[in-house]
Ligand code: NAD
Ligand code: DAU
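In my numbering, the protein residues as written are 29 to 360.
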């Protein structure tokens, strides 16, 4: 049995990763998750209890992390504070989880010689102009804009230093914006879908011209799995599916799918420091690892995602009012 430790495995991408990983009968997974507001035990419902262990704990808890890492063959580190708006309201938990938490995991990996994969984001590279065709590559300079992306950049730097100075067996992936099932309703796409279900107009920050490069969460996780198996130690891989869309377009597609007029949204106050555009060049991943997206049809992916939120209201309903109350406080 191959034993994987998945930090943040009760969050959006982590839970989807655990679901994918356990399809392989030779894999057993331990989830280490603090169960912050962003986690939901129900995201792991229905999985084989003989091959899934869930530990409630903090990645910044050194002794706990050391004990768990010692008993596993590989670590996939998803755990993070992940939402930009929250990092603008209170950066402190981002420093502790994203930087100190990563430090603790790296130290345990160093002591036990464990294979490590670090999950990161395109946001560490800052943003791109709206009106040129440029894309981030693995050689782009780090230029984070928000407290969230600065802490993710810091965690990437720690991994690179631990590879070079201590020879840990690590890989890094930087992915673009994910969508799909089990995503918290604070994030753009689920927020708008659940707003429409509730008869509330979707909320577009500022002009809505900001561009994100969307990827289905299962395509992200398939790439992570391949990198874990076949990635070169010390390397960084970009994961993206060539699906740049501006926010207004995404909202209009959702409105059309949900049977409402395309202009049934409202503009709200912009996010301070709002990154203009992200775009990923995943040539290295495609050429070296042979990965390509299995869900390249964004419209179909959004239809399926809308249907998932319609069918799984019990999963998100309990978090919706609190999330919207938080947005109301910050005027968005
Ligand atoms: P999420 O907020 O849905 O989940 C984060 C999980 O980490 C939650 O289960 C939470 O309880 C857990 N967690 C938080 N602090 C913890 C701590 N101190 N100890 C243990 N667990 C803790 O986030 P997500 O969207 O699933 O993102 C997962 C990872 O992927 C993050 O590292 C994020 O930076 C990265 N990423 C996300 C995206 C995206 O579009 N969502 C894109 C690229 C990279
Ligand atoms: O690029 C990868 C990153 O994508 C990840 O590292 C982050 O963890 C993840 O949260 C996401 O960051 P964004 O800030 O791009 O995602 P968010 O869902 O918050 O917003 C997407 C875009 O939509 C962004 O331009 C802001 C805008 N937006 C967001 C919300 C919540 C709106 O216009 N209205 C909204 O209500």
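Cβ atoms here follow ideal geometry from the backbone N, Cα and C, with glycine treated the same way. Predicted, not measured: the structure shown is a model, and the values here were computed from it.
Excluding five sequence positions before and after residue 203, the CB atoms of its chain that fall closer than 6 angstroms to its own CB belong to 248 and 267, given in chain order.
Under the 8 angstroms Cβ criterion, the stretch 64-76 does not count as touching the stretch 169-185, having fewer than three qualifying pairs. Excluding five sequence positions before and after residue 213, the CB atoms of its chain that fall closer than 7 angstroms to its own CB belong to 219, 222, 344, 347, 348 and 351, given in chain order.
Ranked by how close their Cα comes to the Cα of residue 100, the residues 43, 39 and 33 have 33 in first place. At least one heavy atom of the ligand NAD lies closer than 7 angstroms to the C-beta of residue 109. In terms of side-chain proximity, the C-beta atom of residue 275 is found no nearer than 7 angstroms to any non-hydrogen atom of the ligand NAD. Taking the Cα positions, residue 39 is about 31 angstroms away from residue 290. Counting only runs of at least 4 residues, the stretch 147-209 fully encloses the following alpha helix (DSSP H) elements, listed from N- to C-terminal order: 175-194. In this structure residue 296 does not touch residue 217 by the C-beta definition: roughly 16 angstroms separates them, more than the 8 angstroms allowed. Per DSSP, residue 350 lies in no beta strand (DSSP E); the unbroken alpha helix (DSSP H) holding it starts and ends at 341-357. The ligand DAU has a heavy atom closer than 7 angstroms to the beta-carbon of residue 205. Considering only 269, 191, 276 and 242, the residue with the shortest C-alpha distance to residue 231 is 276. Relative to the non-hydrogen atoms of the ligand NAD, the Cβ of residue 86 comes within a distance shorter than 7 angstroms of at least one.
Two segments are said to touch when three or more pairs of C-beta atoms, one from each, lie closer than 8 angstroms; by this definition the stretch 100-110 does not touch the stretch 159-169. Three or more Cβ pairs drawn from the stretch 191-199 and the stretch 140-155 lie within less than 8 angstroms of each other, which places the two stretches in contact. The Cβ-Cβ distance between residue 208 and residue 152 does not fall below 8 angstroms. The criterion of a C-beta distance shorter than 8 angstroms is satisfied by residue 121 and residue 109. For residue 264 and residue 170, the gap between their C-alpha atoms comes out near 13 angstroms. A distance criterion of 7 angstroms places the beta-carbon of residue 103 beyond contact range of the ligand DAU, judged by its closest non-hydrogen atom.
With fewer than 16 other Cβ atoms inside 10 Å of its own Cβ, residue 335 counts as exposed. According to the DSSP assignment, residue 244 belongs to the beta strand (DSSP E) that extends over 239-244. The shortest C-alpha to C-alpha distance from residue 243 to any of 55, 137, 353 and 333 is the one to 333.
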